[in-house]
Amino acid sequence: MKLLLIEDNATMQATLRRAFERRGIQVVACDDGARALDRWEASQPDAVLLDLSLPGMDGLEVLSRARAAGWRTPVMILTARGTVGDRILGLNTGADDYLPKPFDLDELEARVRALVRRANPAPNNPTRPPDAFCGLHVDAENGAVYWNGAPMELTARELALLRALLARPGHAVARERLFELVFPGEADVQAEAIEVVVYRLRKKLAQTGAQLVTLRGLGYLLKAA
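Under numbering that gives the first Met the number 0, the first residue of the sequence shown carries the number 0, and numbering increases by one thereafter.
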């Protein structure tokens, strides 16, 4: 999932970016209403978090222009303006939901995910393989890993690591076993090299909702973020 966060408060912007990225959600940030529409069009987000009090252009004006342009991206308004009149105005302008500040981060995430699900309902005949984990699936014929039907761009070592972890999602795989699979027959490679592959793969999994977890003294596992 990709979010566009339009928020001019630097502390709030940084807090929300960290919170969502830890949950495997990509965040594109903008702190100016006048530039928000350009960023919106360029990033093609799955949802927009929109503050109302923005420099350059008020958040309601940003929303009004986006809807007038035919952009149907789900929008969650986040603002300190918490009166009923403000909420009604925001919803009538085209917002899909409204959450007054301060708010709970878990509730915000749940409501954003609900917005995206409503905007992109699951098909009646889904093509996702039944054994997919967070949308990740190993093709039995070619060994490639797909996420939501699209092949992931992985190095050979990243692919070997991910295939091993996907064989038992939610279960720890020993570090030594993973080293054998990722560096087969490479006796001159240091044991710590597996950590480099883990680090790179973890970054590539950030958008999928699968989290690569290090278990000290045990190994690594995949779990849903």
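Note that the Cβ used here is the ideal one computed from N, Cα and C, for glycine as well.
Count the other C-beta atoms from every protein chain shown that fall within 10 angstroms of the C-beta of residue i, then say buried if there are 16 or more, exposed otherwise.
i	result
E106	exposed
A148	With the sequence shown as reference, residue 148 is identified as Gly, and Ala is not the correct amino acid for it. It counts as exposed.
Q12	buried
L221	buried
P73	buried
L77	buried
A118	exposed
G169	exposed
R174	buried
G184	exposed
L217	exposed
Please classify residue i: does DSSP put it in a helix, a strand, or coil?
i	result
M75	strand
L229	Limits of the chain in this structure are 0 at one end and 224 at the other, which puts residue 229 out of reach.
A230	Because the chain in this structure spans residues 0 to 224, residue 230 falls outside the shown range and cannot be described.
G58	helix
L161	helix
K203	helix
V226	Residue numbering for the chain in the displayed model covers 0 to 224; residue 226 lies beyond these limits and cannot be assessed.
L217	coil
L53	coil
A118	helix
Look at the alpha carbon of residue i and the alpha carbon of residue j, and state the distance between them as a whole number of angstroms.
i	j	result
Q43	A186	46 Å
E88	L62	For clarity, residue 88 is Leu in the given sequence; the question names Glu instead. Each residue's alpha carbon lies about 11 Å from the other.
L59	R22	28 Å
A143	A113	31 Å
R116	G69	20 Å
R215	L158	22 Å
M75	L36	15 Å
L177	M56	52 Å
T14	A67	31 Å
E237	F19	Missing from the structure shown is residue 237; the chain here goes from 0 to 224 and no further.
A209	I24	11 Å
So with Cβ pairs under 8 Å, would you call residue i a contact of chain D?
i	result
L107	Included in the structure is just one protein chain, with no chain D present.
On the premise that residue j lies in contact with residue i, defined as a C-beta separation below 8 Å, what is that separation, rounded to the nearest angstrom?
i	j	result
L164	Y219	7 Å
V188	R156	Not quite, the Cβ-Cβ distance comes to about 10 Å (not below 8 Å), so this is no contact.
A223	C133	6 Å
Meets three-Cβ-pair contact criterion under 8 Å: the region 192-208 and the region 137-154: With a cut-off of 8 Å, the region 137-154 and the region 192-208 count as touching, because enough Cβ pairs lie within range.
The region 5-23 touching the region 43-56, judged by at least three CB pairs closer than 8 Å: Yes, the region 5-23 is in contact with the region 43-56.
Three-pair Cβ contact test at 8 Å for the region 88-99 versus the region 23-34: At 8 Å Cβ cutoff, the stretches do not touch.
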